[in-house]
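Data first, discussion second: the structure below is written as structure tokens.
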Amino acid sequence: MSGPEHIRIADYDYPLPDGRIAKFPLERRDDAKLLVYKHGEITSSVFRDVCNYLPHDALMVMNNTRVIQARIHFRKATGALIEVFLLEPAEPADYERMFEAKGTCSWACLVGNLKKWREGTLCRQEDSTKGRVTLRATRGETRGTSQIVAFDWDNAELNWADVLEIAGELPIPPYLNRAAEEADKTTYQTVYSKIKGSVAAPTAGLHFTPETLAAVDRHGIHREEITLHVGAGTFRPVKSEEIAGHEMHTEYIAVHRETVGSLLRYGAKAIAVGTTTVRTLESLYYIGLKLHANPDLKEEELAVGQWVPYETESALSAQEALQSLLAYMDNNGLDVLHTSTQIIIVPGYKYKIVNALITNFHQPKSTLLLLVSAFIGDDWRRVYRFALDNDYRFLSYGDACLLIP
Numbered sequence: 030m031s032g033p034e035h036i037r038i039a040d041y042d043y044p045l046p047d048g049r050i051a052k053f054p055l056e057r058r059d060d061a062k063l064l065v066y067k068h069g070e071i072t073s074s075v076f077r078d079v080c081n082y083l084p085h086d087a088l089m090v091m092n093n094t095r096v097i098q099a100r101i102h103f104r105k106a107t108g109a110l111i112e113v114f115l116l117e118p119a120e121p122a123d124y125e126r127m128f129e130a131k132g133t134c135s136w137a138c139l140v141g142n143l144k145k146w147r148e149g150t151l152c153r154q155e156d157s158t159k160g161r162v163t164l165r166a167t168r169g170e171t172r173g174t175s176q177i178v179a180f181d182w183d184n185a186e187l188n189w190a191d192v193l194e195i196a197g198e199l200p201i202p203p204y205l206n207r208a209a210e211e212a213d214k215t216t217y218q219t220v221y222s223k224i225k226g227s228v229a230a231p232t233a234g235l236h237f238t239p240e241t242l243a244a245v246d247r248h249g250i251h252r253e254e255i256t257l258h259v260g261a262g263t264f265r266p267v268k269s270e271e272i273a274g275h276e277m278h279t280e281y282i283a284v285h286r287e288t289v290g291s292l293l294r295y296g297a298k299a300i301a302v303g304t305t306t307v308r309t310l311e312s313l314y315y316i317g318l319k320l321h322a323n324p325d326l327k328e329e330e331l332a333v334g335q336w337v338p339y340e341t342e343s344a345l346s347a348q349e350a351l352q353s354l355l356a357y358m359d360n361n362g363l364d365v366l367h368t369s370t371q372i373i374i375v376p377g378y379k380y381k382i383v384n385a386l387i388t389n390f391h392q393p394k395s396t397l398l399l400l401v402s403a404f405i406g407d408d409w410r411r412v413y414r415f416a417l418d419n420d421y422r423f424l425s426y427g428d429a430c431l432l433i434p
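Residue numbers for the sequence shown follow this note's numbering, beginning at 30 and rising by one.
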């Protein structure tokens, strides 16, 4: 590894007054402001007009993950409130099978007020249209910073997805400093969300409406979807002075064979909607690189580590890497590639696939801001200064920017 480990996170700070953080979304999603950075020039627009700044006959890729109601509260007989926050499936480990599970399942969780739950089973009862359900939680082993929690419920009509709809709460970002409201169940999902599994929304996509998507289609832009289930680590601040001390969270990704084919048809270039899409697309290059060197790898060996891009030097083009990936999927009869990525994108990274990015305005000293800086260099400072000077709204429910280096 050379280069990125000594990046100082303090160099990626900027003043963000609390009043500039959007606590609630706009009534209409595509009324959001749009800052356009194109070849160094900055202009201001509105999101519904985003197509005016995009090329014709291009490929746009979006993350179709859906946020689950991952926060569950239990009240002990003593009165202590225990919060169980779902991180990732333990048993069944597969997301699709997990949400179909009936009767029992287990998750790796963060537990709030853990010291008050040393032993015993937590319990809560809820009424639903499918009858009453009693949900129980039993604490298991510690795994890193999380706890394995086993859940069981007594209503045979309900699968785990049903249980979460009844007993769970939507985990809106902590920096909103407010409780989740009923409206968040709609506004904190993209209109194209489909695949359940995230504990945070891919927020760049929140600006799209059915009308905006129709305009994208009319503009001659082909749309594809990938899945990256956003983990709670997306909100974890960088606490180390240098980026080498920060461990990225691992996130599950799924990419269809058709999407890889589309990427190849469009010259291995794409407009990415959101940083999660960026991380998925750029990870595909390094997966293809592995397969180019060793096409006999097993699917579970394809996960992309945090520092892989900085430990790997290759003249292999993005198209060659994607061709290797496509051949692997064909040879193994895979319609969908299931793997994970821990990739960190920081200044010095050379983008392989993404050539335009639609994103929000990110927190100071965050890995997402480092990703933006890797894309447009030190001009991120001009972009954020323009946004602050022109009353843009920041973070998850805030305004958007279109970045074209």
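Backbone N, C-alpha and C define an ideal beta-carbon position, used for all residues, glycine too.
Look at the beta carbons and you see the region 357 to 371 not touching the region 234 to 244: under three pairs across the two are nearer than 8 Å. The region 45 to 130 contains, as complete alpha helix (DSSP H) runs of 4+ residues, the segments 124 to 129 (chain order). For N360, the enclosing alpha helix (DSSP H) begins and ends at A347 to N360.
Sequence-distant partners of Y315 (beyond 5 residues in either direction) whose C-beta falls short of 6 Å from its own C-beta, in its chain, are V333 and V337. Nearest to V401 by alpha-carbon distance, out of S425, V178 and I433, is I433. Within the same chain, E34, H35, I36 and R37 come within 7 Å of E271 by CB-CB distance, once the 5 residues on both sides are set aside. Each of D408, D123, Y421 and G427 was checked against the Cα of E70, and the nearest Cα belongs to D408.
The bridge partners DSSP lists for V333 are T370. Secondary-structure assignment with DSSP links L151 through a beta bridge to A166. For the 9 Å CB-CB criterion, K381 and V267 do not form a contact. By the CB criterion at 9 Å, N184 and T150 fall outside the cutoff.
Secondary-structure assignment with DSSP links E253 through a beta bridge to V90. When rounded, the separation of the alpha-carbon atoms in V178 and A190 is 16 Å. With respect to the 9 Å criterion, G141 and E117 are not classified as neighbours on the basis of their beta carbons.
Ranking D181, L143 and L187 by CA distance to the CA of K159 puts L187 first.
In the three-state DSSP reduction, F423 falls in the strand class (E or B). Residue pairing by DSSP places D181 opposite T133 and R165 in a beta bridge. Restricting attention to K62, A119, A137 and E311, the CA atom closest to the CA of Y378 is found in E311. Restricted to the region 220 to 308, the beta strand (DSSP E) segments that are unbroken, complete and at least 3 residues in length are 224 to 227, 251 to 257, 280 to 285 and 299 to 302, listed in chain order. Pairwise C-beta distances place the region 43 to 50 out of contact with the region 277 to 285, as fewer than three of them are shorter than 8 Å. CA-to-CA, the gap between R49 and L417 works out to about 8 Å.
The Cβ-Cβ distance between T219 and G234 falls below 9 Å.
As the crow flies, the alpha-carbon of H85 is around 20 Å from that of H236. The residue among K223, T305 and V289 with its C-alpha nearest the C-alpha of G262 is T305. In the DSSP assignment, E340 is bridged to no other residue.
DSSP places D428 outside both helix and strand once states are collapsed to three, so it counts as coil. In the DSSP assignment, V383 falls within the unbroken beta strand (DSSP E) covering V383 to N389.
Short of 6 Å from the beta carbon of V307, and not among the five residues preceding or following it, lie these beta carbons of its own chain, in chain order: A301 and V383.
Around the beta carbon of G249, a 10 Å sphere encloses fewer than 16 other beta carbons of the protein chains shown; the residue is thus reported as exposed. Taking C-beta atoms as the reference points, V259 and V228 count as a pair closer than 9 Å. Scanning Q154, E198 and D123 for the CA closest to the CA of E329 turns up D123. Under DSSP, S402 takes part in no beta bridge, so it has no partner. DSSP, read as helix, strand or coil, puts G317 in helix. Across the structure, P202 and L354 are spaced so that their CA atoms are roughly 35 Å apart. Only exposed fits F53, as fewer than 16 other CB atoms lie within 10 angstroms of its CB. Under the three-state reduction of DSSP output, D191 falls in the helix class.
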